[in-house]
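Under numbering that gives the first Met the number 0, the first residue of the sequence shown is numbered 0, with each subsequent residue one higher.
Heads up, the beta-carbon is just placed ideally off N, CA and C, and yes, glycines get one too.
Below is one structure, written out as structure tokens; the observations come after it.
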Amino acid sequence: MKKYIDKLRVVVFIVIRISLVYAGIISFLQGDWAYLGMTILTLIMMFLPYIVEKKFRVDIPSIFEIVLVIYIYAAVFLGSTNGFYSVFWWWDKMLHGLSGLIFGNIGFFIVSYLNSNKKINIKLSPGFVALFSFCFAIAIGAIWEIYEYTIDYFFNTTMQNASLDDTMSDIILDTIGALIISIAGYYQEKGIENHLTKFLIKINK
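See the structure below:
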């Protein structure tokens, strides 16, 4: 299974990068500099997992790298640059569900990194680690909703579709993803390995 996921990771990375390079060339030839800039930004962000692994000496699971790269591609390039938010009503919902998983995992990584740092005389309980990762993801989701509201208010846009239902459904999806990761983080800190913990960023001892 791991070999299959590793191969899938390579395929996903290659396909996405080729599509970005192609889009960059076309936008350059057409003189669409804004589109080119967003394409280059997305391409640079594709290397974030590699940079984090080298900088912090962590092991990012291939399955999480796949989800993260697809999320960045879908949010920045397809969603914002190519208008998929307007074309597909469920696009924003899908990304909110993924964001709960992603930012929950990042929150777990932050507190795990502090826990493993010998320079910091602190040892947080598995329950607190789980709670922090959960709250971190929810906080990011709430900040994003505030951002959407602010843009709508000042620029008369419809990021929130002028709907409380839209805002609440986004937060609920964020919460579900965050809850899944916080449970996985709790098991990981307890030393219990299962299918959920395979998704978590791990500190190299």
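Between V128 and the rest of its own chain, which residues show a CB-CB distance below 6 angstroms, the 5 nearest in sequence each way excluded?
V110, G184 and E188
Under the rule that 16 or more other beta-carbon atoms within 10 Å means buried, what is I59, buried or exposed?
buried
Pop quiz: L100 and G176 are said to be a contact at Cβ under 8 angstroms. What is the actual Cβ separation, rounded to whole angstroms?
4 angstroms
Which residue marks the beginning of the alpha helix (DSSP H) containing W90, and which one marks its end?
W90 to S115
Have a look at the DSSP bridge pairing and note the partners of D58.
K201
In three-state DSSP terms, what is L195?
coil
Hey, could you find the ends of the alpha helix (DSSP H) A129 is sitting in?
P125 to F154
Assign V68 to one of two classes, buried (16 or more other C-beta atoms within 10 Å of its C-beta) or exposed (fewer than that).
buried
If you run the structure through DSSP and keep just helix, strand and coil, what is K53?
helix
Contact belief for I71 with M45 at Cβ below 8 angstroms, rounded distance in angstroms:
7 angstroms
Please name the residue in N120, Y49 and I179 whose C-alpha comes closest to that of S132.
I179
Evaluate the contact criterion for the segment 187-203 versus the segment 47-65: three or more CB pairs, one atom per stretch, below 8 angstroms.
yes
Where N104 and F87 are concerned, what is the direct C-alpha to C-alpha distance, given to the nearest angstrom?
27 angstroms
Just to confirm the assignment, what range does the alpha helix (DSSP H) spanning F76 have?
That residue, F76, is in no alpha helix (DSSP H); it is neither H nor E in DSSP.
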